[in-house]
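Undergrad:
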Amino acid sequence: MRLLTTTAIVASTALAGIAMAEGHSTLPLKELPGIADRDYWVPGEVNADGKLEALQEVVGSDAVAFAGTLDAPVQIALIYPSADTSDFWARNYLALTKRLDQLGISYETTEFASRQIEHSLQSTYANQVAQDADLYDYVIFGPSELAIQADNIDKLAATDGFATYVWAFHTPLKDLETQPDAWFDFSSAAGALTMCDYMLGRLGNDVTMAMNRGIPGITDNQRSGDFKACVEEKGNWTTVYEHYGEYQREGGFEGTSLIMQAYPEATIIHNANTAMAMGSVEAQVSMGKEKEIFSTGWGGTGLELDAIRRGELDATPMRMGDDVGAATAEAIKADLEGRADDLPLVFLGRITVAHDEMSAEEIDALEKEAFRFSGVGALER
4 MRLLTTTAIV ASTALAGIAM AEGHSTLPLK ELPGIADRDY WVPGEVNADG
54 KLEALQEVVG SDAVAFAGTL DAPVQIALIY PSADTSDFWA RNYLALTKRL
104 DQLGISYETT EFASRQIEHS LQSTYANQVA QDADLYDYVI FGPSELAIQA
154 DNIDKLAATD GFATYVWAFH TPLKDLETQP DAWFDFSSAA GALTMCDYML
204 GRLGNDVTMA MNRGIPGITD NQRSGDFKAC VEEKGNWTTV YEHYGEYQRE
254 GGFEGTSLIM QAYPEATIIH NANTAMAMGS VEAQVSMGKE KEIFSTGWGG
304 TGLELDAIRR GELDATPMRM GDDVGAATAE AIKADLEGRA DDLPLVFLGR
354 ITVAHDEMSA EEIDALEKEA FRFSGVGALE R
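If you read the sequence shown in the working numbering, its first letter stands for residue 4, the second for the next number, and so on.
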């Protein structure tokens, strides 16, 4: 267990913990449209004004060293599906640890790895960590699936002795008896609005669009549905066709081929993920129309950035991928310094737009910023 040598820091940390607990008991802080129809809160309903933006600014800035001292390294348990193929977990582990190094906070980590489908194994790990609560100061939980792991989130959050942080979700469940100390994720809804503002600013009003959507559900509802609603309401855009490509490259290729043949009036094709964007670009190149259609991707992956560099993809909402891990390190620092109440309940990583009007140097700089801790290019597995 960590020991702070400064009594004042210990006392203020305790007070901050009380303040956070009281704040959670009075959720939501405000009500947004649709709240009665959801079993979860959205970030705007649970974050006090200014706290998210303040932490985003800290995460995007140079590290400021931890102000206190520790008698022993902080002990961090990570329960997450890092055995899966996604590099989200590995990258944010690297971002977490490297930011802690920059902050001057000594730490030791214990990882409990699983695959995304191993729900019961995660439950076993959660029980083990809760039983061994005296061994840990912080627990980072990446649920295999939010609803399935809700009881385990509740259990960990209610356990005395450590702070609990949730990765990869940003929708606090209403029926949790005890909220975790913070949630860390990227918001597809926020990305959709960022992209909407960019597209309207660049292309103006009264535009005709077609879409390669993913799979019906919350992610596509936000990435595609929220974007569509925004451009139609604010810019009087018209959507002539929506193709569900199931997030597959083939779906993007097929949908785009159909759009180019049946809906030639569509000058914009919105793609809801990288795979469909790559399929869409392939279809356009095969017909020599990549310069006639404005195409978007989603996420700002290396494949998308390369397509922008080649002049085949026009714009994409780009996640600053290492923000989640870096923000968690900053949350640990804030907790150690007795400033836990300064944190938002839900942290959202920054999303900006990468586009074809940027220079190669600007795109390179954006990519380096997004993966400033975990590194540009594929991770070694």
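All residues carry an ideal CB built from backbone N, CA and C; glycine is no exception.
Quantities reported herein were computed from a predicted structural model and do not represent experimental measurements.
Using a beta-carbon distance below 8 angstroms, is S85 in contact with chain C?
TA: The structure shown contains no chain C; it holds only a single protein chain.
Undergrad: Give me the residue from T112, A166, F350, T72 with the minimum Cα distance to Y141.
TA: Nearest option by C-alpha distance: A166.
Undergrad: Looking at C-beta atoms only, is the number of pairs between the segment 291–311 and the segment 70–83 that lie closer than 8 angstroms three or more?
TA: No, the segment 291–311 is not in contact with the segment 70–83.
Undergrad: On a CA-only basis, which of I335, A286, I354 is nearest G324? Give me that one, please.
TA: The shortest Cα separation from G324 among I335, A286, I354 belongs to I354.
Undergrad: On the DSSP letters alone, give me the boundaries of the alpha helix (DSSP H) that I335 sits inside.
TA: Taken as a continuous stretch (DSSP letters only), the alpha helix (DSSP H) holding I335 covers 326–339.
Undergrad: For A373, which of helix, strand or coil comes out of DSSP?
TA: A373: helix per DSSP, three-state reduction.
Undergrad: Could you compute how far the alpha carbon of T113 sits from the alpha carbon of V132?
TA: Whole-angstrom Cα-Cα distance: 10 angstroms.
Undergrad: If you draw a straight line from the alpha carbon of S15 to that of P146, how long is it in whole angstroms?
TA: Because S15 sits at a pLDDT of 36, beneath the cut-off of 50, its placement in the model cannot be relied upon, and the following sentence gives the value as read from the coordinates. One C-alpha to the other measures close to 30 angstroms.
Undergrad: Span of the beta strand (DSSP E) holding M202?
TA: Counting along the chain, M202 falls outside any beta strand (DSSP E), though it belongs to the alpha helix (DSSP H) covering 191–206.
Undergrad: Going by CA-CA distance only, name the one from L58, N215, G107, F376 that's closest to V77.
TA: That would be G107, whose Cα lies nearest to the Cα of V77.
Undergrad: Please list, in chain order, all residues of the same chain as A310 whose beta carbon is under 8 angstroms from its beta carbon, the five residues on each side excluded.
TA: These residues qualify, in order along the chain: A280, M281, V284, G300, L316.
Undergrad: Go through its chain and collect everything with a Cβ distance to E180's Cβ below 8 angstroms, but skip five positions before and after it.
TA: Only D157, A161 meet the Cβ criterion.
Undergrad: Checking the sheet assignment: what are the DSSP bridge partners for D188?
TA: DSSP, once it has assigned bridges, lists L351 as partnering D188.
Undergrad: Can V327 and N95 be called in contact, C-beta distance under 8 angstroms?
TA: Closer than 8 angstroms, so yes.
Undergrad: Looking only at its chain, what residues have a beta carbon closer than 8 angstroms to the beta carbon of P84, apart from the 5 residues adjacent to it on each side?
TA: These residues qualify, in order along the chain: W92, A116, S117, R118, Q119, E121, Q125, G145, S147.
Undergrad: So, N239 versus D209, is the Cβ gap smaller than 8 angstroms?
TA: Yes, Cβ-Cβ distance for N239 and D209 is below 8 angstroms.
Undergrad: Restricting to Cα atoms, I'd like to know which of L32, L306, R216, T100 is closest to E48.
TA: Checked all of L32, L306, R216, T100; the closest Cα to E48 is L32.
Undergrad: Do the segment 250–267 and the segment 190–197 make contact, defined as three or more Cβ pairs closer than 8 angstroms?
TA: Segments in contact, no.
Undergrad: For T331, which of M321, G314, T319, L351 has the nearest alpha-carbon?
TA: Of M321, G314, T319, L351, the residue nearest in Cα terms is L351.
Undergrad: By the three-class DSSP mapping on this structure, what secondary structure does G302 have?
TA: Three-state DSSP puts G302 in a strand.
Undergrad: Suppose you measure from the CA of A269 to the CA of A150; what does that come to, to the nearest Å?
TA: Cα to Cα, A269 sits roughly 39 angstroms from A150.
Undergrad: Leaving out five residues on either side along the sequence, give the residues of the same chain with a beta carbon under 7 angstroms from the beta carbon of I366.
TA: Closer than 7 angstroms at Cβ, skipping near neighbours: L308, I311, R312, A357.
Undergrad: Take the Cβ of D154 as the centre, count every other Cβ of all protein chains shown within 10 Å, and call the residue buried at 16 or more, exposed below.
TA: Exposed: under 16 other Cβ atoms inside 10 Å.
Undergrad: Report back the beta-carbon spacing between G258 and H246 to the nearest angstrom; my notes put them in contact at under 8 angstroms.
TA: About 3 angstroms separates the two Cβ atoms, so the contact holds.
Undergrad: What does the Cβ neighbour count give for M212, buried or exposed, with the cut at 16 atoms within 10 Å?
TA: M212 comes out buried.
Undergrad: So, helix, strand or coil for I86, using DSSP?
TA: Residue identity differs from the one stated: residue 86 is Ala in this sequence, not Ile. Residue state, collapsed to three classes: coil.
Undergrad: Quick one: what does DSSP say F144 is sitting in, helix, strand or coil?
TA: It is a strand residue.
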